[in-house]
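Student: Structure in structure tokens, see below.
Number of protein chains: 4
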Amino acid sequence: MTASRILVVTHEQREPARTPGLRTTRMEAFSDGVFAIAITLLVLELAVPSGSEDDLLDGVLNQWPSYLAYLVSFASIGAVWLEHTVITEFLDHATSVLIRLNLLLLMVVSFLPFPTRLLGEHIGADEPERVAVTIYGLNLFLASALVSLLWRYAVREKLIQPDLADADVKMLTKRLTPGLAGYVAMIALGLFLPVLAVLGYLAIAVYIIVPFGALRRRAAAA
Amino acid sequence: MTASRILVVTHEQREPARTPGLRTTRMEAFSDGVFAIAITLLVLELAVPSGSEDDLLDGVLNQWPSYLAYLVSFASIGAVWLEHTVITEFLDHATSVLIRLNLLLLMVVSFLPFPTRLLGEHIGADEPERVAVTIYGLNLFLASALVSLLWRYAVREKLIQPDLADADVKMLTKRLTPGLAGYVAMIALGLFLPVLAVLGYLAIAVYIIVPFGALRRRAAAA
Amino acid sequence: MTASRILVVTHEQREPARTPGLRTTRMEAFSDGVFAIAITLLVLELAVPSGSEDDLLDGVLNQWPSYLAYLVSFASIGAVWLEHTVITEFLDHATSVLIRLNLLLLMVVSFLPFPTRLLGEHIGADEPERVAVTIYGLNLFLASALVSLLWRYAVREKLIQPDLADADVKMLTKRLTPGLAGYVAMIALGLFLPVLAVLGYLAIAVYIIVPFGALRRRAAAA
Amino acid sequence: MTASRILVVTHEQREPARTPGLRTTRMEAFSDGVFAIAITLLVLELAVPSGSEDDLLDGVLNQWPSYLAYLVSFASIGAVWLEHTVITEFLDHATSVLIRLNLLLLMVVSFLPFPTRLLGEHIGADEPERVAVTIYGLNLFLASALVSLLWRYAVREKLIQPDLADADVKMLTKRLTPGLAGYVAMIALGLFLPVLAVLGYLAIAVYIIVPFGALRRRAAAA
Chain A
166 MTASRILVVT HEQREPARTP GLRTTRMEAF SDGVFAIAIT LLVLELAVPS
216 GSEDDLLDGV LNQWPSYLAY LVSFASIGAV WLEHTVITEF LDHATSVLIR
266 LNLLLLMVVS FLPFPTRLLG EHIGADEPER VAVTIYGLNL FLASALVSLL
316 WRYAVREKLI QPDLADADVK MLTKRLTPGL AGYVAMIALG LFLPVLAVLG
366 YLAIAVYIIV PFGALRRRAA AA
Chain B
166 MTASRILVVT HEQREPARTP GLRTTRMEAF SDGVFAIAIT LLVLELAVPS
216 GSEDDLLDGV LNQWPSYLAY LVSFASIGAV WLEHTVITEF LDHATSVLIR
266 LNLLLLMVVS FLPFPTRLLG EHIGADEPER VAVTIYGLNL FLASALVSLL
316 WRYAVREKLI QPDLADADVK MLTKRLTPGL AGYVAMIALG LFLPVLAVLG
366 YLAIAVYIIV PFGALRRRAA AA
Chain C
166 MTASRILVVT HEQREPARTP GLRTTRMEAF SDGVFAIAIT LLVLELAVPS
216 GSEDDLLDGV LNQWPSYLAY LVSFASIGAV WLEHTVITEF LDHATSVLIR
266 LNLLLLMVVS FLPFPTRLLG EHIGADEPER VAVTIYGLNL FLASALVSLL
316 WRYAVREKLI QPDLADADVK MLTKRLTPGL AGYVAMIALG LFLPVLAVLG
366 YLAIAVYIIV PFGALRRRAA AA
Chain D
166 MTASRILVVT HEQREPARTP GLRTTRMEAF SDGVFAIAIT LLVLELAVPS
216 GSEDDLLDGV LNQWPSYLAY LVSFASIGAV WLEHTVITEF LDHATSVLIR
266 LNLLLLMVVS FLPFPTRLLG EHIGADEPER VAVTIYGLNL FLASALVSLL
316 WRYAVREKLI QPDLADADVK MLTKRLTPGL AGYVAMIALG LFLPVLAVLG
366 YLAIAVYIIV PFGALRRRAA AA
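Protein chains in written order, with my numbering: chain A, 166 to 387; chain B, 166 to 387; chain C, 166 to 387; chain D, 166 to 387.
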């Protein structure tokens, strides 16, 4: 038993002594905190224009790239939070590796306000918007890839609840994939049509957030 | 069962496997985080004046619009948090649609620091204050409308606790309405008398926060 | 039953339907969030000096008023959080009035970063430091007064746990008083000797934080 | 019983009246909040460069010291959070002294964004980077020393769970030590080779975060 082992003790190993859910609780609380802060900090990126009445309205309206960036980032972080919620709800217990993967995901998510600012300041600025949109897309892609990795790792290591049907597991695995492909496509598109790519990022987040399945079932039932 | 269904799984569907309150817990924790951060970030909008002693006092006092904006925003977010607390306390379980409506509410609430800054910088600036006050009012109206929608949706979908009396439900529904009407009236008033509208926004928040009913009962009992 | 009554429903009234601790839990979570954010935002007030090597060290050291303000504010918010923790731990249930008082306390606490910045920028600036120190002291006094009010209200309304000894209640009431008197004395002193008053604010916070009783008992036992 | 005793009441003393875990819960919630905020605020230190397309890419790439500082600080706070999680998970109950030590640790951790900014702005600036790297290292050393102190205090005062094996306790004590020695070595190295010291700080954090023990066991099992 090496010195480094103690810090990576997992719930399975300590199960007799404590409830296995404890570690997950702390990870969830910390994650919720980081998600909540990252999503709320976005508003600090919005600068206040100054000027006389018409100028102020114009000034506020002319900042549409900032609002668009705010909207896309809020929706994207919200989508990752939703996916994270579903994954942790299916989790039975955590391992040390899972907690580290989660920390990596949190780093990528809490980095997003920076590309958001980059995007808000450079959309419409013709040339540099391509750079900003690409960096922004890479950040979203990384977040999405880490969420996917987190889930696949949890499934492979059998950390999910034993009573969860295999079909459910496969569905969620499938569900997390289109986002990844979508981001790759949008990053490529963004090299030619940056603003369209930003709208694509928004569409991906909305697709994850809006429960189309539930709406369709409701429409069918009506 | 489409791929998009998995992510919208609700507690009712999974009830046998886990306690139905879990999802609500995570939604509450995330909401509390966003409310707490949005309300605390407001202080960052206050700029520090510089100058010699009398100038500093003058400088601090001359910033009254910033303090007024801070006060109104703190009271308004506090009021929404209180209403949110009552709603979630009456909730028995959540659905995927409710969680998304809640996310929308959080976006509107966490946007408020921006109009607050707008207001703090442009009150007293004669012309542009009308624009700032209107944008500010629209934000408050939207937040209030979403709280109302959240509650009505929860009632219609029977997500509230079954043991809650019908009279209680009707009362809370009623209670959430005057705020909406008040904001519409204040936004209209703000086009002519902006500062008065801001005081009106404060009055609405105070009306929601201060438990007049409890005070009246106490006065009657004394 | 008026419309405004619904929102002020207290735990006692709803006790049969739900556990009485729920409302308190939500209030604690929100309070912890606001305290944690206010205390962590303080670091944003520290500006980075620029210059060559010796200049940088000089620049960093010359900012001692900012570090002092940071230290005093961190200790003061920490002290209020500690007192808040003790009060809520003694609480059996909450009422609507208590939750509103708590909201007022949170507003005063989350305002502190503003006077902190004021203090950090104006200490040593000879004249305006008197204004900054007084505003700062008033903020601390208000926070302390509201904590005291919260406790006295909880005691008078019998919201504390029935099994808590009378002696304990009186002790905590007493314990919360010297802070109030100390702040009044320091605000008066600050009109003549501002920097000394700031050290006095620090001393009050340290007095609340450091568990002298426990240390003394330990020394006696040794 | 002196007045100051009430505020330092410990769980052992109040055990019959309430569950002993309560105080620890509140301390953990507040700590998680501060850790989450400090780690998420780091992104605000990243400035957005402006310019035409190639300039923007260059500008973004030229800011590598900021990204490096962001990465090292995120990893370091993450490492402290992980160690904190393990310690509190082993805790059976808290004492007033432990809660104060924890508050001190939180102050040191939430101060880190300031040296991070210092580092990001002065790396590569030849002369002042030595000052920035040293201040940064001292902050990390202090955080590490306080985590170590927290653990040793908890062990000495028998606050940890009685069913925890002696070997486990010794291992965690050992595990927390190399970080301390590492920081001392890196601070000394930083006086001559600042950038190398920063990479050393990163290596220490990665060593704490990455579960080498688990990876090695897995490699052995494969």
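Ideal placement from N, C-alpha and C gives every residue a C-beta, glycine not left out.
1. Do G198 (chain B) and G198 (chain C) have their beta-carbon atoms positioned less than 8 Å apart in this structure?
2. My understanding is that L305 (chain D) touches Y235 (chain D), with C-beta atoms under 8 Å, so please give their C-beta distance in whole angstroms.
3. In three-state DSSP terms, what is I325 (chain C)?
4. Keeping to the same chain, check which residues put their C-beta closer than 7 Å to that of A189 (chain C); ignore five residues upstream and five downstream.
5. Is it right to say A332 (chain D) is buried, meaning 16 or more other beta carbons lie within 10 angstroms of its own, or is it exposed?
6. Per DSSP, what are the beta-bridge partners of L256 (chain A) in this structure?
7. Use the C-beta contact count for R191 (chain B): other C-beta atoms within 10 angstroms, 16 or more gives buried, fewer gives exposed.
8. Express the C-alpha separation of R265 (chain C) and I374 (chain B) in angstroms, rounding to a whole number.
9. Would you report the Cα separation of Y318 (chain A) and V273 (chain A), rounded to the nearest angstrom?
10. Measuring straight from C-alpha to C-alpha, what distance separates G186 (chain C) and I325 (chain B)?
11. Which ranges would you report for the alpha helix (DSSP H) in the region 289 to 322 of chain C if only whole runs of at least 4 residues count?
12. Given a threshold of 16 other Cβ atoms within 10 Å of its Cβ, counted over all protein chains shown, does A330 (chain B) qualify as buried or as exposed?
13. What in chain D is Cβ-close to A201 (chain C), meaning under 7 Å?
14. Please state whether DSSP places G371 (chain A) in a helix, a strand or coil.
15. So with Cβ pairs under 8 Å, would you call S275 (chain C) a contact of chain B?
16. Less than 8 Å between the C-beta atoms of L311 (chain C) and S196 (chain C), yes or no?
17. Please say whether G285 (chain B) and I352 (chain B) have beta carbons closer to each other than 8 Å?
18. With DSSP collapsed to three states, give me the class of G186 (chain C).
19. In terms of residues, what are the limits of the alpha helix (DSSP H) holding P278 (chain C)?
20. Consider the Cβ of F279 (chain A): report whether some Cβ of chain D lies at a distance smaller than 8 Å.
21. Which residues in the same chain as P280 (chain A) place their Cβ atom closer than 6 Å to its Cβ, once the five residues preceding and following it in sequence are excluded?
22. Which of the residues in the region 296 to 329 of chain D, read from start to end, lie with their CB under 8 Å from any CB of chain C?
23. Does chain B have any CB closer than 8 Å to the CB of W246 (chain A)?
24. Determine whether the beta carbon atoms of L206 (chain B) and P278 (chain B) lie at a separation below 8 Å.
25. Can a CB atom of chain B be found closer than 8 Å to the CB of P214 (chain C)?
26. Anything in chain A within Cβ reach of I374 (chain D), meaning under 8 Å, just list it in chain order.
27. Can you tell me whether G289 (chain C) is buried or exposed? The criterion is at least 16 other CB atoms within 10 Å of its CB, across all chains shown.
28. Would L233 (chain A) pass as a contact of V363 (chain A) if the rule is Cβ separation under 8 Å?
29. Going by C-alpha distance, which of C:R340, C:L356 and C:P230 is nearest I369 (chain C)?
30. Using the beta-carbon count (16 or more within 10 Å), is A308 (chain D) buried or exposed?
31. Using three-state DSSP, classify A212 (chain B) as helix, strand or coil.
32. Interface residues of chain C around P230 (chain D) at Cβ under 7 Å?
33. In whole angstroms, what is the alpha-carbon distance linking L226 (chain D) and L268 (chain C)?
34. What is the residue span of the alpha helix (DSSP H) that L337 (chain A) lies within?
35. Taking beta-carbon pairs under 9 Å, can you tell me which members of the region 358 to 371 of chain A lie near chain E?
36. Go through its chain and collect everything with a Cβ distance to L361 (chain A)'s Cβ below 7 Å, but skip five positions before and after it.
Tutor: Reading off the structure:
1. Taking 8 Å as the Cβ cut-off, G198 (chain C) and G198 (chain B) qualify as a contacting pair.
2. Incorrect: roughly 15 Å between the Cβ atoms, too far for contact.
3. strand
4. The question names Ala, but residue 189 (chain C) in the sequence shown is Thr. Taken in chain order, the residues that qualify are T253, L256, H258 and A259.
5. exposed
6. A:I325
7. R191 (chain B) is buried by the Cβ-count criterion.
8. 7 Å
9. 18 Å
10. A caution first: G186 (chain C) carries a pLDDT of 39, below 50, which makes its placement in the model unreliable, though a value can still be read off. Each residue's Cα considered, the two are about 19 Å apart.
11. Runs of the alpha helix (DSSP H) inside the region 289 to 322 of chain C: 294 to 321.
12. So A330 (chain B) counts as exposed.
13. By Cβ distance, chain D contributes F195, G198, V199 and I202.
14. Checking the displayed sequence, the identity of residue 371 (chain A) turns out to be Val instead of Gly. Three-state result, V371 (chain A): helix.
15. yes
16. no
17. no
18. Reliability fails at G186 (chain C), whose pLDDT of 39 lies under 50, so the model's placement of it is uncertain and no value is given.
19. P278 to H287
20. yes
21. Leaving aside the five residues that flank P280 (chain A) on each side, the residues in its chain whose CB is nearer than 6 Å to its CB run, in chain order, I300, Y301 and N304.
22. Answer set for the region 296 to 329 of chain D: V296, A297 and I300.
23. With a threshold of 8 Å between beta carbons, W246 (chain A) makes contact with chain B.
24. yes
25. no
26. R265 and L268
27. exposed
28. yes
29. The shortest Cα separation from I369 (chain C) among C:R340, C:L356 and C:P230 belongs to C:R340.
30. buried
31. coil
32. Chain C residues near P230 (chain D): none, gap ~13 Å exceeds 7 Å.
33. 45 Å
34. D331 to R340
35. Structure shown: chain E not included; protein chains present are A, B, C and D.
36. The beta carbon of L361 (chain A) sits closer than 7 Å to the beta carbons of L354 from its chain, once the five residues preceding and following it are set aside; these are given in chain order.
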